[in-house]
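**Student:** In the numbering used here, the protein residues as written are 3 to 135.
Quick reminder that beta carbons are idealized off the backbone N, C-alpha and C, glycines included.
(1) Measuring only the C-alpha atoms, how far is residue 124 from residue 112?
(2) Would you decide whether residue 136 is buried or exposed? Buried here means 16 or more other CB atoms lie within 10 Å of its CB.
(3) With three or more beta-carbon pairs closer than 8 Å as the criterion, would you say the segment 101–108 touches the segment 79–90?
(4) Taking Cβ positions, are residue 131 and residue 45 nearer each other than 7 Å?
(5) If you run the structure through DSSP and keep just helix, strand and coil, what is residue 116?
(6) If you drop the 5 nearest sequence neighbours on each side, which residues of the same chain put their C-beta closer than 6 Å to that of residue 55?
(7) Could you check whether residue 121 and residue 98 sit closer than 7 Å to each other, using their CB atoms as the reference points?
(8) For residue 75 and residue 63, which I take to be in contact (beta-carbon distance under 8 Å), what is that distance rounded to the nearest angstrom?
(9) Does DSSP put residue 131 in a helix, in a strand, or in coil?
(10) Hey, would you say residue 57 sits closer than 7 Å to residue 78, going by beta carbons?
(11) Using the Cα positions of residue 119 and residue 39, report the straight-line distance between them to the nearest angstrom.
(12) Got a sec? Which residues, its chain only, sit under 8 Å from residue 23 by beta carbon, not counting five neighbours each side?
(13) Kindly list the residues whose CB is nearer than 6 Å to the CB of residue 49, restricted to its own chain and excluding five residues on each side of it in sequence; keep chain order.
(14) Which whole-angstrom value describes the C-beta separation of residue 92 and residue 100, a residue pair presumed to lie in contact below a C-beta threshold of 8 Å?
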């Protein structure tokens, strides 16, 4: 009986600790959370883990590590960049890394770390990044 009460209490505490709010607000330049598709939201999770350190919260190339890199990371939210690059270009850059697509060798290839689906989701999230007018 005591075990059941303890289990019930722990279950209640665990449920009460869960929140429907996101862990952190959406990046300043990104679309609102409700506007992102499920796949783009998944891409944001992967982006935050692997890309944000260099490319920054909103993709502006101003991440924590960006100032240690020469050349600096690309501004992924730049409208000219968004227009010039196809989804396949972005997919290839993430999968093969900068050196694999004739860009900076400082961007690592993520093709052995991320699945093709995860890379597609990251591309969807990158497409959601927009500069404020």
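**Tutor:** Walking through what the data contain:
(1) Going by the C-alpha atoms only, they are around 11 Å apart.
(2) Within the shown structure, residues of the chain are numbered from 3 to 135, placing residue 136 beyond reach of any answer.
(3) Remark: fewer than three beta-carbon pairs, one from each stretch, lie closer than 8 Å, so the segment 101–108 and the segment 79–90 are not flagged as touching.
(4) In this structure, residue 131 keeps its C-beta atom at 7 Å or more from the C-beta atom of residue 45.
(5) For residue 116, the three-state secondary structure derived from DSSP is coil.
(6) Taken in chain order, the residues that qualify are 65, 66 and 67.
(7) Annotated as distal: residue 98 and residue 121, with beta-carbon spacing of 7 Å or more.
(8) With 8 Å as the limit, residue 75 and residue 63 qualify as a contact, their Cβ atoms being about 4 Å apart.
(9) Strand.
(10) Their beta carbons are under 7 Å apart, which means residue 57 touches residue 78 by this criterion.
(11) One C-alpha to the other measures close to 14 Å.
(12) Residue confidence for residue 23 is low, a pLDDT of 40 falling below 50, so the modelled location carries little weight; the figure read from the coordinates is stated next. Cβ neighbours of residue 23 beyond the five flanking positions: none.
(13) Excluding sequence neighbours, residue 49 sits near 124 and 127.
(14) Wrong, their Cβ atoms sit about 12 Å apart, outside the cutoff.
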